[in-house]
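**Q** Provided herewith is a single structure, encoded as C-alpha cells, for subsequent inquiry.
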Amino acid sequence: MNDVETDERAWPVALDGVTESVVTTLGPNGLWNVAALGLHAPDAGVDAGARTPVEAVTWGNTRTRRNFHRQGGGVVQFVADAHDFVDAALTIREEEEPVLDSADAWVRVRAERTDEGREDDTRWERWRLTPGESGVERERPFTVNRGFYAVVDATVAASRLDVSDYDTDVLLDRLAYFERVVERCGGTREREAFARLSAETGWHERR
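By the working numbering, the letter at position 14 of the sequence shown is numbered 658, and the numbering carries on one by one without gaps.
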C-alpha cells in the first residue's frame, strides 16, 4: 500500500446513496478475494474524513461473506477501471496484495453482522462497516464516461441472471442496451471489460 496520504480510521472519500466499490477479503489460502460490494450510506451521507459506519449486504454463501465471518473485515477500495469491476462482480479473482493497482483510494473496514434473513431461496446478511486505516493513492479530476457506468450497471444485471426474483428477458434487454452504450461511449478499457462480461455470462446466446 504505497499510499500518497492516509487518514487513520476514516473514509478517504465522501459517500452518499449507494456507492459501488470493490472489496478484498483474506481467504483461508492466504490470498485476497476480489468482489463487488455496494456501500449504503446513511441518509445524511458521509463526508471524507468521517468515521461514520455504513452498511453493506451480502447475498448467498459468497467468499466475501465467509471471509467477513472468518477475518472480521476486509479492504474496501474505490476504482475507476471497468475491467476490475467485471472481474469483481462476475469472476473468481484472487490477489497476493489487498489493494488493486487501479484503486484511487482504499480503507480497511471492520465488518459486524447486524441482521440476516432469506429472500426466496437466497440468504442475505447485513453488515455494519466501520472504517480503519485508509489511504489515497492518486487524486485526479472527476470525469464522466457513460461507457464506464454502463459497464458497472451491466455487472448488476448480469449478476441477477437466473435469480428467480428477476425476469431474465428484462435483464437480457438491459444488457443489450448497456452494450450499445459501451460501443458508442466507452473507451478501449470499457469495451474490453464488456467483452469479458459477455464471455463470462454467455448472455448473447440466451437472447
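Here a beta-carbon is modelled for each residue, glycine too, at the ideal position from N, C-alpha and C.
Keep in mind that this is a model prediction, so the values were computed, not measured.
Do you know how far the Cα of Asp687 is from the Cα of Thr766?
**A** Taking the straight line from one Cα to the other gives about 27 angstroms.
**Q** In the DSSP output, what is Asp809 paired with across the bridge?
**A** According to DSSP, which records beta bridges pairwise, Asp809 is partnered with nothing at all.
**Q** For Arg653, write down the residues that DSSP places opposite it in a beta bridge.
**A** For Arg653, which the question treats as bridged, DSSP gives no partner whatsoever.
**Q** When you compare each of Thr668, Tyr793, Glu783 to Val751 by their alpha carbons, which one comes out closest?
**A** Among Thr668, Tyr793, Glu783, the Cα nearest to that of Val751 is on Thr668.
**Q** If you draw a straight line from the C-alpha of Glu834 to the C-alpha of Val743, how long is it?
**A** Taking the straight line joining both Cα atoms gives about 21 angstroms.
**Q** Provide the residue span of the beta strand (DSSP E) that contains Gly761, from first to last.
**A** Per DSSP, Gly761 belongs to the beta strand (DSSP E) from 747-763.
**Q** Hey, is Ala732 close to the ligand SAH, as in C-beta under 7 angstroms from one of its heavy atoms?
**A** Although the ligand SAH was asked about, the structure shown includes no ligands whatsoever.
**Q** Is Trp655 closer than 8 angstroms to Val700 when the C-beta atoms are compared?
**A** Checking the displayed sequence, the identity of residue 700 turns out to be Ala instead of Val. Contact: no.
**Q** Give every residue of the same chain whose Cβ lies closer than 6 angstroms to the Cβ of Cys904, excluding the five residues on either side of it in the sequence, and list them in chain order.
**A** Residue 904 lies beyond the range of the chain shown here (645 to 851); nothing can be said about it.
**Q** Here's the rule: buried if 16 or more other CB atoms are within 10 angstroms of the residue's CB, otherwise exposed. What is Ala820?
**A** By the 10 Å Cβ count, Ala820 comes out exposed.
**Q** Whose C-beta lies closer than 7 angstroms to the C-beta of Ala798 among residues of the same chain, with five residues either side of it excluded?
**A** Closer than 7 angstroms at Cβ, skipping near neighbours: Leu819, Phe822, Phe838, Leu841.
**Q** Phe722 lies in the alpha helix (DSSP H); which residues open and close that run?
**A** It is not in any alpha helix (DSSP H) - Phe722 instead sits in the beta strand (DSSP E) that spans 717-723.
**Q** Determine whether the beta carbon atoms of Ala680 and Ala733 lie at a separation below 8 angstroms.
**A** For Ala680 and Ala733, yes; Cβs fall inside 8 angstroms.
**Q** Keeping to the same chain, check which residues put their C-beta closer than 6 angstroms to that of Ser746; ignore five residues upstream and five downstream.
**A** Here the set comprises Val723, Asp725, Asp728.
**Q** May I have the straight-line CA-CA distance separating Val690 from Glu849, to the nearest angstrom?
**A** The alpha-carbon atoms of Val690 and Glu849 are separated by roughly 42 angstroms.
**Q** Start and end of the beta strand (DSSP E) containing Ala680?
**A** That run of the beta strand (DSSP E) goes 676-684.
**Q** Comparing alpha-carbon positions, which option in Val698, Asp748, Phe712, Ala658 lies nearest His684?
**A** It is Val698.
**Q** Have a look at Ser803, Thr708, Glu741 and flag the residue whose alpha-carbon is nearest the alpha-carbon of Glu756.
**A** With distances taken between Cα atoms, Glu756 lies closest to Thr708.
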